[in-house]
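Numbering (full-length UniProt numbering), first residue to last: 1 to 787.
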């Protein structure tokens, strides 16, 4: 058993690493989550020291933003003077440009050896030959095989301890207790991608982890044992450097950039503070994810006719796991911070048994074909012969896909092969609460009511569409990173279909009317859908829509097709934008099929009327909210506890992947290699990459696309209500006090005044923070990038 002092040392040391999420369930989370209880400046100082990382944008990035007007000159000069810097901005730009990052000395040979063993042990089915004895755990399996590794210098005459706890205890006893935490921190930080994935597997405690356990104690036991055999000193005596002038300057420039963006948000909100929502019943209502990419498509859908749109977290309030019929794998389909209460599966609709049997037969053949090809490519006896023999045919296939990628995409999507046309989602409780009768009526009602409560719903159109979102991309290890970040990198279509089915149930509607005074008209039909963010196509799952709604449904489909064309043109800036988008979606050589959530910088919680007439350039998460419909404040509290925290994760993931793509990101896709099915390496070894690839945040190797700003939140609600929520949620107040998030509140009961949160629950009038009168044009509103 591990002594408690060592256990605490490892636990504290682990704060320097976050979680490395697997490629098949890629979650954009803050890589410095363990430091959220510390101030942002202290957290990045620690990361800079232990990870040898850049933590602020380069001087060239600040110069570009300053020259483009994205950093307001008055804002910057005022901040500089407040902090005792009295020279011109250009003087300080020159100072910062002379900064040189000091390279931390690392034990590269030790890192490479550890990476080799970790890749072998943590493989999840990609390798044809599995490491023996993995079921005993990392340390024990390594202990049995270490003597066969000639790169190690293990003394074979001295048997190694039986388990990792005993080994780590013996190794640390050579050092004073007060050095244990520092020692563990240095060795966990040496390979933060690998240790981050160990963190993920340990906390997930399912699947591969249950069969082949590994934890940070075992990792440290193996690493330190190898280090000792190589006569490497366990502890690097380097001390954290004091904050230098360059770091202080960069922090001021960052805040000036963020404040300039906040002033733009304030300007938008102030101009639209008196805008009123239409009282007419729309022809259709569409609910999209709060994802920044939804801001674009919502504008273009609204422009096509009498349509009303809402923003709601993309898992649609259903904390669920989803079992996909195509591979029978159950995956989380809700935010990682939410425990899954339900499991959703598919079953054939009445009269669709024949079609279901045909689908299963075709799917089985496809799975066998994929399995056969994998075996032929990976098995040692057939590898070279198969690749050499099939290379000619693969060459023609790749050429065809390159030249005809757009038409291939259209032909593939015209085929009516989706199982969602013949099945209906079935929901059940997870674990011991599971029942053949599904979930209780009260749960169904609560799920549907929650959607209406959080979005401030007032009226119902004949057609209500819940549109989750997903992405289409070819040959892209990071494909899941383009799906719904709120749904643990799963497409939101499954949640949307499930919510639509629940909302259509007669017993649910009856209970909503009787118990909650929510009356849904008989003529209202709910439909699930998916917004493809790569092509801007919106697919409706309308197989169960009654004949009475076929005409308005046809009109809606035509409008959505037009919205796709205008949105794609707005986004891509070429004549045949839909064709280009489809080509990018199916092009095997495309390194940037779409931008994902790049440029995210704001989160607005307000009625649509506050932003409807503005082009926010896909920079803001938009959550619908009506404070007048939320008497108790419970809905707002749910938004702040959930979506606000999740968007902070996303924002910081993009921030750190941008400022240091080598450390926090994924590096360039061009030289990446997939390992173990769950991650990528640069080249053939080294650390597991933990974040987004370079192509997701940069236009070129030297020019950024994402603007690395911390998240600014604007909430339209009475200030006392927000204060009350913060007083009950210490974690939220900590995030604000430590400047991981900025918060502004527009109080409709106080003449729509906007106040900004200051440390210790203090508030300043935001108009006092505006150092210049800004135009309503966002700094990059003229820029159209064709990607």
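We treat Cβ as the ideally placed atom computed from N, Cα and C, and that holds for glycine.
Cβ separation of residue i and residue j, assumed to be a contact under 8 Å, to the nearest whole Å
| i | j | result |
| --- | --- | --- |
| residue 693 | residue 488 | Incorrect: roughly 20 Å between the Cβ atoms, too far for contact. |
| residue 532 | residue 610 | About 27 Å; that fails the 8 Å criterion. |
| residue 712 | residue 602 | 5 Å |
| residue 624 | residue 456 | 6 Å |
| residue 614 | residue 268 | 5 Å |
Alpha-carbon spacing of residue i relative to residue j, whole angstroms
| i | j | result |
| --- | --- | --- |
| residue 562 | residue 304 | 7 Å |
| residue 299 | residue 182 | 52 Å |
| residue 15 | residue 730 | 19 Å |
| residue 162 | residue 137 | 12 Å |
| residue 51 | residue 184 | 13 Å |
| residue 5 | residue 342 | 39 Å |
| residue 261 | residue 704 | 17 Å |
| residue 786 | residue 698 | Interpretation of residue 786 is limited by its pLDDT of 28, a score under 50 that renders its predicted location unreliable; the figure taken from the coordinates is listed afterwards. Cα to Cα, residue 786 sits roughly 13 Å from residue 698. |
| residue 635 | residue 453 | 6 Å |
| residue 359 | residue 422 | 9 Å |
| residue 77 | residue 62 | 14 Å |
| residue 599 | residue 651 | 9 Å |
| residue 618 | residue 608 | 15 Å |
| residue 438 | residue 637 | 29 Å |
| residue 766 | residue 596 | 31 Å |
| residue 258 | residue 90 | 19 Å |
| residue 418 | residue 362 | 11 Å |
| residue 722 | residue 655 | 27 Å |
| residue 629 | residue 510 | 21 Å |
| residue 749 | residue 627 | 10 Å |
| residue 196 | residue 473 | 26 Å |
| residue 742 | residue 355 | 53 Å |
| residue 92 | residue 64 | 14 Å |
| residue 763 | residue 757 | 5 Å |
| residue 622 | residue 43 | 28 Å |
| residue 612 | residue 445 | 30 Å |
| residue 467 | residue 276 | 25 Å |
| residue 688 | residue 664 | 10 Å |
| residue 737 | residue 41 | 12 Å |
| residue 231 | residue 109 | 12 Å |
| residue 149 | residue 12 | 32 Å |
| residue 529 | residue 312 | 14 Å |
| residue 345 | residue 248 | 53 Å |
Per DSSP, cross-strand counterpart(s) of residue i
| i | result |
| --- | --- |
| residue 331 | 322 |
| residue 755 | 745 and 765 |
| residue 715 | 605 and 745 |
| residue 615 | DSSP, once it has assigned bridges, lists no residue as partnering residue 615. |
| residue 624 | 606 |
| residue 463 | 284 and 525 |
| residue 805 | Here the chain has residues from 1 to 787 only, and residue 805 is not among them. |
| residue 484 | 490 |
| residue 682 | 672 |
CA nearest to the CA of residue i, picked from the options
| i | options | result |
| --- | --- | --- |
| residue 746 | 738, 755, 740 and 739 | 755 |
| residue 683 | 672, 636, 323 and 677 | 672 |
| residue 475 | 630, 602, 591 and 17 | 591 |
| residue 75 | 263, 210 and 20 | 263 |
| residue 54 | 25, 27 and 251 | 251 |
| residue 22 | 478, 172, 310 and 41 | 478 |
| residue 449 | 30, 171 and 318 | 318 |
| residue 521 | 503, 530, 295 and 529 | 503 |
| residue 594 | 577, 606 and 169 | 577 |
| residue 229 | 275, 171, 80 and 25 | 171 |
| residue 825 | 321, 310, 272 and 695 | For the chain, the structure presents residues 1 to 787; residue 825 sits outside this window and is missing. |
| residue 265 | 616, 131 and 32 | 616 |
| residue 33 | 47, 204, 25 and 325 | 47 |
| residue 270 | 761, 759 and 751 | 751 |
| residue 97 | 84, 192 and 59 | 59 |
| residue 289 | 719, 647, 740 and 662 | 647 |
| residue 293 | 471, 544, 83 and 649 | 471 |
| residue 254 | 653, 72 and 451 | 72 |
Proximity test, Cβ basis, 8 Å: residue i and chain B
| i | result |
| --- | --- |
| residue 474 | Here chain B cannot be found, since the structure has a single protein chain. |
Evaluate the contact criterion for the stretch 157 to 168 versus the stretch 113 to 132: three or more CB pairs, one atom per stretch, below 8 Å.
no
Spell out a yes or no on whether the stretch 521 to 538 and the stretch 564 to 576 are touching, meaning 3 or more CB-CB pairs, one atom from each, closer than 8 Å.
yes
Is the stretch 162 to 182 close to the stretch 217 to 224, with three or more CB pairs under 8 Å?
yes
Check whether the stretch 204 to 215 touches the stretch 223 to 232, taking contact to mean three or more Cβ pairs, one atom from each stretch, closer than 8 Å.
no
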